[in-house]
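In what follows, a structure is listed as structure tokens, so that the remarks can point back to it.
2 protein chains.
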Amino acid sequence: MIILSKLADYGVIVATHLAADPDRLATAAAIATETRLPQATVAKLLKALAHAGLVTATRGAAGGYRLARQAGAISVAEVVAAIDGDIGMTQCSIHVDDCIRTTFCPTRPHWAAINRAVGAALSAVSLDEMLSPFAFAHMPVAAAQISVEPAR
Amino acid sequence: MIILSKLADYGVIVATHLAADPDRLATAAAIATETRLPQATVAKLLKALAHAGLVTATRGAAGGYRLARQAGAISVAEVVAAIDGDIGMTQCSIHVDDCIRTTFCPTRPHWAAINRAVGAALSAVSLDEMLSPFAFAHMPVAAAQISVEPAR
DNA sequence: CTATTGCGTACCAATCCGGTCCCAATTCAC
DNA sequence: GTGAATTGGGACCGGATTGGTACGCAATAG
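Protein sequence lines correspond, in order, to chains A and B. Residue numbers for the first sequence follow this note's numbering, so the first one is 515 and each next one is one higher. Residue numbers for the second sequence follow this note's numbering, so the first one is 515 and each next one is one higher.
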């Protein structure tokens, strides 16, 4: 299974690209060609990022986009959430009501904890770290201990 | 965004249900009614779990399913992987080749680390813990520190 | 032999997703 | 003031994925 949608993946690429050059005011078209992503899609992503307040947009001729904060202050989790919506493991993590099993399902309360752990993994990484050519070393401790076994 | 597919979510419910009564040989139909999930779907899930070796199936009349291992020795990650396939954050985590950006995309190497952290969060929880009415407390350290901010 | 139960596969309907396009609003240059 | 460039916010569409079902085959108990 793939967790991130293509769009969210692209969103991180675009945001990281902006982070590489924080002072520059880049147009959607320029970013698209530089990242080799489809123009219309990049434009859509930037709108979403702007809506979430992660980038600031300047309209009009000679307009463009720029990171709203320092690259170190924007986490991957925020970028993903800006595009795919808030992160939750299960249906009931987000739509709390529409599950007939809520009353007797024993697993429900535990998802919240798993939820936080996953969110933490994404929140722990900022854009400038994504930019660095070196792998970062401050992932949650459990990260190195267990690897998920493939099933097929 | 919702990370787990409905099917994977159901899979965990079914597996947890089996974990509640490890010695019992339960038919797919019985599990379906007890968990209030559609029969055909539960049957499909149990096949997948059996295929992954998480449950053992006994065919024939008076047959049924049973956990293949102790509930404490089966992680949520395994159940999810059995149904949704192996866990990866991005396209390139799984299909390494088919991305034209591999050569110059700076974010690529970092996803692996995030990947492991997420996998660890799911691997850290076993079925018997999902069963307990109390929230477990041994999530990765970062879990409690950061919460993902909603975007919409 | 027959009833029960799992096994495998094929199939269908619905939803979701990636992607495109269009037009209004805003700003700059001349 | 006019026109070009650029973002903003929709609508829209085709295709892939997913949830769910159905059917025939194999195995086993009685």
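Where a beta carbon is used, it is the ideal one built from N, C-alpha and C, also for glycine.
Within chain A, the residues placing a beta-carbon under 7 Å from that of ASP523(B) are THR604 and GLN605, ordered along the chain.
For the segment 626 to 638 of chain B, the set of positions with a beta-carbon nearer than 8 Å to some beta-carbon of chain A reads ALA626, ALA627, ILE628, ARG630, ALA631, VAL632, GLY633, ALA634, ALA635, LEU636, SER637 and ALA638 in chain order. Following the DSSP letters along the chain, one finds GLY633(A) in no beta strand (DSSP E) but inside the alpha helix (DSSP H) bounded by residues 622 to 637. The segment 572 to 589 of chain B makes contact with the segment 519 to 539 of chain B; the number of CB pairs closer than 8 Å reaches 3 or more. In this chain, ALA587(B) is not harboured by any beta strand (DSSP E), its DSSP state being neither H nor E. Among the residues of chain A, none has a CB under 7 Å from the CB of PRO552(B); the nearest is roughly 12 Å distant. Looking at LYS558(B), ALA587(B) and ARG630(B), the one whose alpha-carbon comes closest to that of ALA522(B) is LYS558(B). Taken through DSSP and simplified to helix, strand or coil, ILE545(A) comes out as helix. The C-alpha of ALA564(A) is placed about 6 Å away from the C-alpha of ALA571(A). In the DSSP assignment, ALA571(A) forms a beta bridge with TYR579(A).
ILE601(B) is a Cβ neighbour of ILE517(A), given a cutoff of 8 Å. Contact of LEU645(B) with chain A is assigned, a C-beta pair being separated by under 8 Å. If you draw a 10 Å sphere on the C-beta of THR530(A), you find 16 or more other C-beta atoms in it, and that means buried.
For ASP642(B), no chain A residue has a Cβ inside 8 Å of its Cβ, as the nearest lies near 11 Å away. Distance between CYS606(A) and ARG622(A), taken at the CA atoms: about 7 Å. Around the Cβ of ARG630(A), a 10 Å sphere holds 16 or more other Cβ atoms; the residue is buried. Per DSSP, ILE527(A) is one residue of the alpha helix (DSSP H) stretching across 520 to 533.
Judged by DSSP secondary structure, MET644(B) falls within the alpha helix (DSSP H) whose first and last residues are 641 to 645. In the displayed model, ALA566(B) falls within coil according to three-state DSSP, outside both helix and strand. The alpha-carbon separation between MET515(A) and MET644(B) amounts to approximately 22 Å. With its beta carbon less than 8 Å from one in chain B, LYS520(A) belongs to the interface.
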